[in-house]
Amino acid sequence: MVAVLVALVVGFAVPRQTVAAPEGAGPAVDAAERHVRRLRLVGLVLGGVVAVWLWGVDALGRGSMLAAVGFGLAFLVVMCVGELTNPVSRSARSDADLRRRRVGDYLPRRLSVLVAVTVVVLAALLIVGLVAGTADDLGRPGRALAWTTPTGGGSAGPWPGSFYAWPMLGALLVELALAGAALRIIAHRAQVVPSQAASEVDSALRSAAARGVVAATGVATAFPLGGLGVVMAITASNAVRGGAPGWLAVVVWVASAAVLLAVVTFSQSAASLLRSAAGRVVRDDTDERAEDLGAGAA
Numbered sequence: 037m038v039a040v041l042v043a044l045v046v047g048f049a050v051p052r053q054t055v056a057a058p059e060g061a062g063p064a065v066d067a068a069e070r071h072v073r074r075l076r077l078v079g080l081v082l083g084g085v086v087a088v089w090l091w092g093v094d095a096l097g098r099g100s101m102l103a104a105v106g107f108g109l110a111f112l113v114v115m116c117v118g119e120l121t122n123p124v125s126r127s128a129r130s131d132a133d134l135r136r137r138r139v140g141d142y143l144p145r146r147l148s149v150l151v152a153v154t155v156v157v158l159a160a161l162l163i164v165g166l167v168a169g170t171a172d173d174l175g176r177p178g179r180a181l182a183w184t185t186p187t188g189g190g191s192a193g194p195w196p197g198s199f200y201a202w203p204m205l206g207a208l209l210v211e212l213a214l215a216g217a218a219l220r221i222i223a224h225r226a227q228v229v230p231s232q233a234a235s236e237v238d239s240a241l242r243s244a245a246a247r248g249v250v251a252a253t254g255v256a257t258a259f260p261l262g263g264l265g266v267v268m269a270i271t272a273s274n275a276v277r278g279g280a281p282g283w284l285a286v287v288v289w290v291a292s293a294a295v296l297l298a299v300v301t302f303s304q305s306a307a308s309l310l311r312s313a314a315g316r317v318v319r320d321d322t323d324e325r326a327e328d329l330g331a332g333a334a
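Number 334 marks the last residue of the sequence shown (this note's numbering); no jumps.
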């Protein structure tokens with residue numbers, strides 16, 4: 037928790053890069069940014085409500101495991117709606133930059149790599165849990181880890197087998213599909229700022245929106261990865277002490293490393309997400325010049 041808080045503070049402390057609005061584009065830029073910030077805040081609130089609701093759905097942990105994914109899905113739905121309803125002036129439609137746009141042009145490189153690695157590790161651990169899981173003493177599938185030895189055997193739990201893995205894998209696929217759809221909408225929507233001179237501003241707005249999508253996906257995958265890693269590491273460690281096969285010792289180390297990865301990804305993604313909802317990416321140099329002139333005259 038301390039590491040997450042430190043990373044959030046550092047994330048907010050890093051100065052945000054901004055671009056200058058071209059002369060005469062101020063009203064369109066302001067309208068576009070207000071629209072985006074408003075919808076991001078709505079996405080954060082709606083996602084939080086969904087996460088809180090899911091947290092209390094299942095006492096056995098499936099709800100809490102899916103809470104962050106529910107947050108991500110709600111946020112991404114709002115982002116898609118926001119990009120599709122972005123205010124586009126008539127001059128923007130007629131003067132828009134006609135260059136070919138690709139999703140990759142707007143992705144935050146480091147955060148995208150971090151989130152991609154997190155998704156892969158989460159999927160891999162879910163598959164391991166799915167393969168190794170067995171029914172618990174109440175017959176619930178995949179909630180226990182069982183093993184046999186020449187002198188007997190044993191079991192340990194809880195274990196993230198099919199009881200947890202199938203819902204999580206399904207939710208993960210939906211999350212990734214929605215994130216991909218949101219990124220395509222961001223890349224291919226009409227230009228919201230009039231004139232080709234404002235293409236840099238438009239690119240900055242697209243990049244900020246894409247960062248929000250990637251960050252939401254990071255939060256949605258890092259949180260369950262952290263919980264999954266802790267549970268797998270503890271249960272596999274107990275199993276090894278009880279005489280389970282040696283390969284489970286590898287699971288302990290991998291799951292422990294996954295927890296560290298989850299902390300880094302979650303903190304970076306959460307900081308980026310909150311900053312994208314609160315800050316501006318376009319500055320109005322006209323206002324700044326007017327203030328400077330007024331100060332000089334005084």
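Backbone N, C-alpha and C fix where the C-beta goes; we use that ideal spot for every residue, glycine too.
According to the DSSP assignment, G189 belongs to no alpha helix (DSSP H) but to the beta strand (DSSP E) extending over 188-192. DSSP links L261 through a beta bridge to no other residue.
Assignment of beta-bridge partners to L181 by DSSP yields G169, A192.
Spatial neighbours of A256 in its own chain (CB-CB distance under 6 Å, excluding positions within 5 residues in sequence) are listed in chain order as A104, V105, G108, E211. In the structure shown, P281 adopts coil according to DSSP, grouped into three states. V237 and P281 have their C-alpha atoms spaced approximately 58 Å apart. Residue burial annotation: R145 is exposed, with fewer than 16 other C-beta atoms found within 10 angstroms of its C-beta. The criterion of a C-beta distance shorter than 8 Å is not satisfied by A258 and S308. Scanning the segment 69-128 for uninterrupted alpha helix (DSSP H) segments of 4 residues or longer gives 98-120, listed from N- to C-terminal end.
The residues G190, in chain order, have a CB closer than 6 Å to that of G278 in the same chain once the five nearest residues on each side in sequence are set aside. Taking the CA atoms as reference points, V167 sits about 20 Å from G262. By the Cβ criterion, the segment 184-198 is in contact with the segment 267-275, since at least three pairs of Cβ atoms, one from each stretch, lie closer than 8 Å. By the neighbour-count definition (other C-beta atoms within 10 Å, threshold 16), D141 is an exposed residue. Sequence-distant Cβ neighbours of V85 in its own chain, meaning closer than 8 Å and more than five residues away, are A110.
About 6 Å separates the CB atoms of M115 and V249; that is less than 8 Å, so the two are in contact. At the C-beta level, V267 and V276 stay beyond 8 Å of one another. Remark: C-beta atoms of A201 and G165 approach each other more closely than 8 Å. Nearest neighbour of V295 by Cα position, chosen from A152, G83, V157, turns out to be V157. Assigned with DSSP and collapsed to three states, Q304 falls in helix. In the DSSP assignment, Y142 falls outside any alpha helix (DSSP H) and carries neither an H nor an E. For V210, the enclosing alpha helix (DSSP H) covers residues 198-224.
In the structure shown, V228 falls within a coil segment according to DSSP collapsed to helix, strand and coil.
Judged by their CB atoms, V88 and A223 are not nearer to each other than the 8 Å cut-off. In the same chain as R176, and ignoring 5 residues on each side of it, the C-beta atoms closer than 6 Å to its own belong to F199, in chain order. Taking all protein chains in view, the Cβ of P186 is surrounded by fewer than 16 other Cβ atoms within 10 Å, so the residue is classified as exposed. For R225 and T253, the gap between their C-alpha atoms comes out near 21 Å. It is roughly 45 Å from the alpha-carbon of L219 to the alpha-carbon of D173.
A245 sits close to V72, with the two beta carbons spaced by under 8 Å.
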